[in-house]
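>
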Amino acid sequence: MEAGLHDRLHRDPSPAPARIVHLGLGAFFRAHGAIYIAEAARKSGEDWGVLGVSLQSPGTRDRLAPQGWAYTAVELGPEGESAEVVTLLRGVLVAPEDPRAVLDAMAAPEVAIVSLTVTEKGYCHNPASGRLNRDHPDIVHDIADPLPRSAPGFLVRALAARRAAGRPPFTVLCCDNLPENGRVARGVTLELARLIDPDLAAWIETEGAFPATMVDRIVPATTAADLDRVEELTGYRDEAPVMHEPFRQWVIEDHFAGPRPDFAAAGAQMVADVTPFEHMKLRMLNGTHSSLAYLGYLAGHETIAETVADPVLAGFARSLWRDEIIPALTPPPGEELSAYADALAARYANPGIRHRTWQIAMDGSQKLPQRILGTIAESRAAGRPVPGLTLAVAAWIRYTSGRDEKGQPIEVKDPLAPRLAALWRDDPAETVRGYLGVAEVFPPALASDQGFAADLTAALEGLLARGARAMAGGLVHA
Ligand code: CS2
1 MEAGLHDRLH RDPSPAPARI VHLGLGAFFR AHGAIYIAEA ARKSGEDWGV
51 LGVSLQSPGT RDRLAPQGWA YTAVELGPEG ESAEVVTLLR GVLVAPEDPR
101 AVLDAMAAPE VAIVSLTVTE KGYCHNPASG RLNRDHPDIV HDIADPLPRS
151 APGFLVRALA ARRAAGRPPF TVLCCDNLPE NGRVARGVTL ELARLIDPDL
201 AAWIETEGAF PATMVDRIVP ATTAADLDRV EELTGYRDEA PVMHEPFRQW
251 VIEDHFAGPR PDFAAAGAQM VADVTPFEHM KLRMLNGTHS SLAYLGYLAG
301 HETIAETVAD PVLAGFARSL WRDEIIPALT PPPGEELSAY ADALAARYAN
351 PGIRHRTWQI AMDGSQKLPQ RILGTIAESR AAGRPVPGLT LAVAAWIRYT
401 SGRDEKGQPI EVKDPLAPRL AALWRDDPAE TVRGYLGVAE VFPPALASDQ
451 GFAADLTAAL EGLLARGARA MAGGLVHA
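Count the sequence shown with full-length UniProt numbering and you get residues 1 to 478, in order.
Structural data, given as structure tokens:
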């Protein structure tokens, strides 16, 4: 068994050309979409290799190349671990090294799908409005230069090449945690295309397809310690394994411009409308993930499992679901929201998963609108109190100040980090006023809501005076 896995890790890749190009080859895609696609291809007997593209750095390519692009995916269950070798990748390109090669690959006749996991900020949009940010330096560059830097730039220039060659467009399959993610991907692609060539934009509008998807699997960043752990488990050294929980879900809008793998054969749900699934997942999972990340980090917890092992914060998450998030949601067909919350609580508690609060806290300015602020805005408009989610926003403000409760510096990773840190004042009311003025994050309805400003200020004062754990605990039975 072990020798077999080792052989497969160092095998020659299949010569068949890839029919999917994936932009953003992070751990998440390798532990989620790639596993579904490999299984769909296996079950249907079709060949669906993937060419990966790293939009930033060569690290993943350099680690995977000597392994013939194969890697180990390790499932971390509450009761044990198991390993699977994924041999779906046909190669990896590093976009900044050779953007032309990426465009050529995306324009190749056999490519039917370009999928993306480029994270929220990769769409170069304004998170509060969903529109393309035309002042984004990569967008400014991509309007002028045919060799792009951004994900929307690669989509537009590759679609232009396909149109010029008389080929049909590829389907753009967005797999990021954005609300109506197909619409966001389509919107930024069309907006950029219009700035470059209005005829191209019209062609994409009529011929293209941008199905929405809801993706779910908890996949913490792989650490150096994980490499040793995988070696112990499998008996061989893999320089680029991925570690994931047993749970997985993929809900896909069944709207493709051309052929697609038999996703359903691998257990994906093909539906006409993904929106209720996206809302459920973004608000119930990601909304509490971010809330627990800020409050947990401030309370001194390193991982989500550690955070929910603290009964105060576990109780806080339960009251967020029961009292604030579920009342604002319409359940998707076939889902029962309180059962979904129970399953999330069990997933968070999985001690095998070391998902750092610091990792989830990253890029909050891009995540808060769809994870937390939508629920707050709708609930306030309907007259429903949302003290727990308001506390989570206050914890984000406290976190992005760059100092923790012991006065130690926090390494804040966020495209707006310097701007946010500069908003910090000695007077919490002034700090809150400054943050509410960040239009990329707070929609106008919340930015001008005096009651929300007052509640947020009180929550921030409470965090400063009493700390995250005490404040969360005070809300559990409220
Ligand atoms: C997390 C997500 O890092 C984060 O912001 O909330 O990556 C989360 O683990 C996935 O969306 C789960 O599907």
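Each residue gets a CB set at the ideal place from its N, CA and C atoms; glycine is no exception.
At a cut-off of 7 Å, is Gln269 close to ligand 1 when judged by its beta-carbon and the heavy atoms of the ligand?
False, no ligand heavy atom lies under 7 Å from that Cβ.
> According to the neighbour-count rule (16 or more other Cβ atoms, all chains shown, within 10 Å of its Cβ), is Thr400 buried or exposed?
Answer is buried; the Cβ neighbour count reaches 16.
> List in chain order: all unbroken alpha helix (DSSP H) runs of 4+ residues lying wholly within the segment 312-361.
Whole alpha helix (DSSP H) segments, 4+ residues: 337-349 and 357-361.
> Determine the direct distance from the alpha carbon of Arg237 to that of Glu430, and round the result to whole angstroms.
About 53 Å.
> Under 8 Å, with one C-beta from each stretch per pair, do the segment 326-344 and the segment 400-417 reach the 3-pair mark?
Because the criterion of three Cβ pairs below 8 Å is not met, the segment 326-344 and the segment 400-417 do not touch.
> List the whole-angstrom C-beta distance separating Phe154 from Met106, where the pair is believed to meet the contact cut-off of C-beta under 8 Å.
About 7 Å; that satisfies the 8 Å criterion.
> Please identify the residue among Val215, Arg134 and Leu200 whose C-alpha is closest to the C-alpha of Leu116.
The option with the nearest alpha carbon to Leu116 is Val215.
> Three or more C-beta pairs under 8 Å: does that hold for the segment 79-86 against the segment 284-301?
Counting Cβ pairs under 8 Å, fewer than three are found: no touch.
> Quick one: measure Cβ to Cβ for residue 481 and Val441, integer angstroms, because I've assumed they're closer than 8 Å.
Because the chain spans 1 through 478 in this model, residue 481 falls outside it and cannot be assessed.
> Using a Cβ-Cβ cutoff of less than 8 Å, which residues in the same chain neighbour Ala3 once the five nearest sequence positions on both sides are dropped?
A caution first: Ala3 carries a pLDDT of 45, below 50, which makes its placement in the model unreliable, though a value can still be read off. Closer than 8 Å at Cβ, skipping near neighbours: no residue.
> Would you kindly check if the distance between the Cβ of Arg131 and the Cβ of Glu191 is under 8 Å?
Yes, these two residues count as a Cβ contact at 8 Å.
> Counting beta carbon pairs with one atom in the segment 462-472 and one in the segment 312-320, are three or more of them shorter than 8 Å?
Judged by Cβ distances under 8 Å, the segment 312-320 makes contact with the segment 462-472, as three or more pairs qualify.
> Out of Arg162, Ala395 and Glu232, point me to the one whose CA is closest to Gly372's CA.
Position check: residue 372 holds Ile in this sequence, whereas Gly was assumed. Per the Cα distances, Ala395.
> What does DSSP give as the partner residues of Met214 in its beta bridges?
According to DSSP, which records beta bridges pairwise, Met214 is partnered with Val251.
> Under 7 Å: does the beta carbon of Gln359 sit that close to some heavy atom of ligand 1?
Yes, since a heavy atom of ligand 1 falls inside the 7 Å radius drawn around the Cβ of Gln359.
> Compute the Euclidean distance between the alpha carbons of Asp145 and His125, then round it to the nearest angstrom.
The alpha-carbon atoms of Asp145 and His125 are separated by roughly 19 Å.
> Between which residues of its own chain and Glu205 is the CB-CB distance below 8 Å, once the five residues before and five after are set aside?
Leu190.
> So what's Leu200 in DSSP terms, helix, strand or just coil?
Residue state, collapsed to three classes: helix.
> For Lys367, verify whether its CB is less than 7 Å away from any heavy atom of ligand 1.
Result yes, Cβ under 7 Å from ligand 1.
> Measure the CB-CB distance between Leu195 and Ile113 and report whether it falls below 8 Å.
Result no, Cβ atoms of Leu195 and Ile113 do not sit closer than 8 Å.
> Below 8 Å on the Cβ atoms is my guess for Leu76 versus Val50; work out the distance and round it to an integer in Å.
With 8 Å as the limit, Leu76 and Val50 do not qualify as a contact, their Cβ atoms being about 24 Å apart.
> Among Leu329, Ala392, Asp62 and Val242, which one has its Cα closest to the Cα of Ile35?
Among Leu329, Ala392, Asp62 and Val242, the Cα nearest to that of Ile35 belongs to Val242.
> Between the alpha carbons of Asp262 and Ala38, how many angstroms are there, rounded?
In a straight line, the C-alpha of Asp262 is about 10 Å away from that of Ala38.
> Which runs of the alpha helix (DSSP H) fall wholly inside the segment 263-321 and span at least 4 residues, in chain order?
Here the runs fully enclosed are 275-280, 287-298, 304-309 and 311-319.
> Excluding the five sequence neighbours on either side, which residues of its own chain have a C-beta within less than 6 Å of the C-beta of Ala158, listed in chain order?
Only Leu103, Met106 and Ala107 meet the Cβ criterion.
> Terminal residues of the continuous beta strand (DSSP E) containing Thr171?
Run containing Thr171: Thr171 to Cys174, per the beta strand (DSSP E) assignment.
> Under the three-state reduction of DSSP, which class applies to Tyr71: helix, strand or coil?
Here Tyr71 sits in strand by DSSP.
> What does Glu81 pair with, by DSSP beta-bridge criteria?
Glu81 is bridged to Leu76.
> Glu2 by DSSP, collapsed to three states: which one?
For Glu2, the predicted model reports a pLDDT of 43, less than 50, meaning its position is unreliable and no value from the coordinates is stated.
> Name, in chain order, the residues that DSSP records as bridge partners for Ala209.
BP columns for Ala209 point to Thr171.
> Given that a residue counts as buried once 16 or more other Cβ atoms are within 10 Å of its Cβ, and exposed if not, what is Gln408?
So Gln408 counts as exposed.
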